[in-house]
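Visitor: Residue numbers (my numbering): 27 to 295.
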Amino acid sequence: MDTPSLSHQEIQSLLEVRANLPEQIVVKDQPYSLAGDEIVGSGLHSVVWKAADSYGRPRALKLRPENSYRDSTPVDEAYKASKLEDCDAFATFVDADIITLNLLGSPCRLACFVEHFVEGITLGRFLQEGSEQITPSFFREYVRVVSTALRALYDLHLRHNDLHVGNVLIAEPRLGDLSNERRIQIVDTGNITTSSPEAYDDHRYFVGHLVHIWNAIHRRRDISLRDRRFLKEVRPLLDQMLDEDQTVALRDPGLIVSQFDSAYDRAMA
């Protein structure tokens, strides 16, 4: 049974403290050993811990009270998240289950989502710390990756539902990648919901990210003439992405990529 005296916020606070959790959390007979003394992320009613499976592979464990779901169940969310496995823009979903942990001496039922752990920093932190790497080429790559993610969601009639700057990671290059370039990965697919044709929450988050990147480039002291031309070229595209007139709004992911690619080419010519 759930712990009736604890609110969702209180449960979340308890889950943030390493001493309140066991050494291992078992999800469908697979043990995951928790790593580190601090959470690696948090959301509405949820926390994320880094862990390792029985082979030592890094995994992200998201814990959330089972009764914090309103319009769906953890099983529904897991089923939807699993559909995104073939899209490289998302961290790979592994498994999910309802588990029971003792918090303050009482059993508490929690939804536990398991994803591949992505080694990197959040987009928000990257924008604060990585000024030299925030360039028009990074902007263009960000447009390409997130547009790919949005196309996958649209095709499956889904939405991420929580695409804030903390759920996009600027990740380390893959093992053996000769380009040695950082990757852009969307994490926390535990909130995936069914989408309607008029739902543009993810799209609006996306535009907000691009505005933050635009501002970060603009603030650079060493900004070049080409970079300034790029900012000028993409400014009207950002406005068009938020246009309320459906006949002129720039919302198709494929068209977004081609428009920003053209703007980049014009600026760099």
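For every residue, glycine included, the Cβ atom is placed at its ideal position computed from N, Cα and C.
Quick check on the burial criterion: 16 or more other C-beta atoms within 10 angstroms. Buried or exposed for ALA107?
Guide: For the purposes of this step, residue 107 is identified with residue 81 of the sequence shown, where counting begins at 1. Buried.
Visitor: According to the Cβ coordinates, are ILE196 and TYR168 closer than 7 angstroms?
Guide: Within the sequence shown, residue 196 is the residue found at index 170, counting from 1. Within the sequence shown, residue 168 is the residue found at index 142, counting from 1. Contact: no.
Visitor: Please give the ranges of any alpha helix (DSSP H) in the region 176-235, keeping only runs that are unbroken, at least 4 residues long and fully inside the region.
Guide: The region 176-235 contains no whole alpha helix (DSSP H) run of 4 or more residues.
Visitor: Assign ALA45 to buried or exposed, taking buried as 16 or more other Cβ atoms, counted over all protein chains shown, within 10 Å of its Cβ.
Guide: Locating residue 45 in the sequence shown gives position 19, counting from the first residue. When all chains shown are included, ALA45 counts as exposed.
Visitor: Output needed for MET27: all residues of its chain with C-beta closer than 7 angstroms, excluding positions within five of it in sequence on either side, in chain order.
Guide: Against the sequence shown, residue 27 aligns to sequence position 1. Confidence at MET27 is low in this model, with a pLDDT of 43, below 50, so the placement of that residue is unreliable and no value is reported for it.
Visitor: To the nearest angstrom, how far is the alpha carbon of ALA289 from that of THR215?
Guide: Residue 289 sits at position 263 when you count from the first residue of the sequence shown. Residue 215 sits at position 189 when you count from the first residue of the sequence shown. Roughly 31 angstroms between the two C-alpha positions.
Visitor: Select from GLU92, GLN285, PRO162 the residue whose C-alpha is nearest the C-alpha of TRP240.
Guide: Start at 1 with the first residue of the sequence shown, and residue 240 comes out as number 214. Of the listed residues, the one whose Cα sits closest to TRP240 is PRO162.
Visitor: Assign TYR81 to buried or exposed, taking buried as 16 or more other Cβ atoms, counted over all protein chains shown, within 10 Å of its Cβ.
Guide: Taking the sequence shown and counting its residues from 1, the one referred to as residue 81 is at position 55. When all chains shown are included, TYR81 counts as exposed.
Visitor: Please classify THR174: is it buried, with 16 or more other beta-carbons within 10 angstroms of its beta-carbon, or exposed?
Guide: By one-based count along the sequence shown, residue 174 stands at place 148. Buried is the call here.
Visitor: What's the gap between the Cα of PHE139 and the Cα of SER39?
Guide: Translated into positions along the sequence shown, residue 139 becomes position 113. Translated into positions along the sequence shown, residue 39 becomes position 13. Rounded to the nearest angstrom, the two C-alpha atoms are 18 angstroms apart.
Visitor: Specify, as a first and last residue, the run of the beta strand (DSSP E) that LEU7 falls within.
Guide: Look at the range of the chain in this structure, 27 to 295, and you will see that residue 7 is not part of it.
Visitor: To the nearest angstrom, how far is the alpha carbon of ALA115 from that of ILE282?
Guide: In the sequence shown, counting from the first residue as 1, residue 115 sits at position 89. In the sequence shown, counting from the first residue as 1, residue 282 sits at position 256. When rounded, the distance between both Cα atoms is 16 angstroms.
Visitor: Please report the residue range of the alpha helix (DSSP H) in which GLY150 lies.
Guide: In the sequence shown, counting from the first residue as 1, residue 150 sits at position 124. Residues 149-155.
Visitor: Take the Cβ of ALA295 as the centre, count every other Cβ of all protein chains shown within 10 Å, and call the residue buried at 16 or more, exposed below.
Guide: For the purposes of this step, residue 295 is identified with residue 269 of the sequence shown, where counting begins at 1. Classification of ALA295: exposed, given that the 10 Å Cβ count is below 16.
Visitor: Count the CB pairs spanning the region 41-61 and the region 72-79 that are closer than 8 angstroms, and state whether there are at least three.
Guide: With the cut-off at 8 angstroms, the region 41-61 and the region 72-79 touch.
Visitor: Please classify TYR58: does DSSP put it in a helix, a strand, or coil?
Guide: Taking the sequence shown and counting its residues from 1, one reaches residue 58 at position 32. DSSP places TYR58 in strand when its eight states are reduced to three.
Visitor: When the Cβ atoms of the region 137-152 are set against those of the region 82-94, are three or more pairs found closer than 8 angstroms?
Guide: Flag = yes, the region 137-152 and the region 82-94 touch.
Visitor: Could you say which of ARG292, GLY192, ASN93 lies nearest to SER33 if we only look at CA atoms?
Guide: Here the question's residue 33 lines up with position 7 in the sequence shown. Comparing Cα-Cα distances from SER33 to each of ARG292, GLY192, ASN93, the minimum goes to ASN93.
Visitor: When the Cα atoms are used, what is the spatial distance from LEU176 to ARG245?
Guide: Position 150 of the sequence shown, counting from 1, holds the residue named residue 176. Position 219 of the sequence shown, counting from 1, holds the residue named residue 245. LEU176 and ARG245: Cα-Cα distance of roughly 28 angstroms.
Visitor: In or out: THR126 buried (at least 16 other Cβ within 10 Å) or exposed?
Guide: Here residue 126 is taken as the residue at index 100 of the sequence shown, counted from 1. Classification for THR126: exposed.
Visitor: Report the rounded CA-to-CA distance for LEU184 versus ILE37, giving the unit in angstroms.
Guide: Numbered from its first residue, the sequence shown carries residue 184 at position 158. Numbered from its first residue, the sequence shown carries residue 37 at position 11. Near 29 angstroms, if we compare the C-alpha coordinates of ILE37 and LEU184.
Visitor: Determine, using beta-carbon pairs with one atom in the region 148-162 and one in the region 272-282, whether at least three such pairs fall under 8 angstroms.
Guide: Counting Cβ pairs under 8 angstroms, fewer than three are found: no touch.
Visitor: Checking the sheet assignment: what are the DSSP bridge partners for ASN93?
Guide: The count along the sequence shown starts at 1 and reaches residue 93 at position 67. Bridge partners of ASN93: none, in fact.
Visitor: With DSSP collapsed to three states, give me the class of PRO84.
Guide: As a position in the sequence shown, residue 84 is number 58, starting the count at 1. Strand at PRO84.
Visitor: Quick check on VAL213: buried or exposed, where buried means 16 or more other Cβ atoms within 10 Å of its Cβ?
Guide: Indexing the sequence shown from 1 puts residue 213 at position 187. By the neighbour-count rule (16 or more Cβ atoms within 10 Å), VAL213 is buried.
Visitor: From GLY234 to PHE256, what distance separates their C-alpha atoms?
Guide: As a position in the sequence shown, residue 234 is number 208, starting the count at 1. As a position in the sequence shown, residue 256 is number 230, starting the count at 1. Answer to the nearest angstrom: the Cα atoms are 18 angstroms apart.
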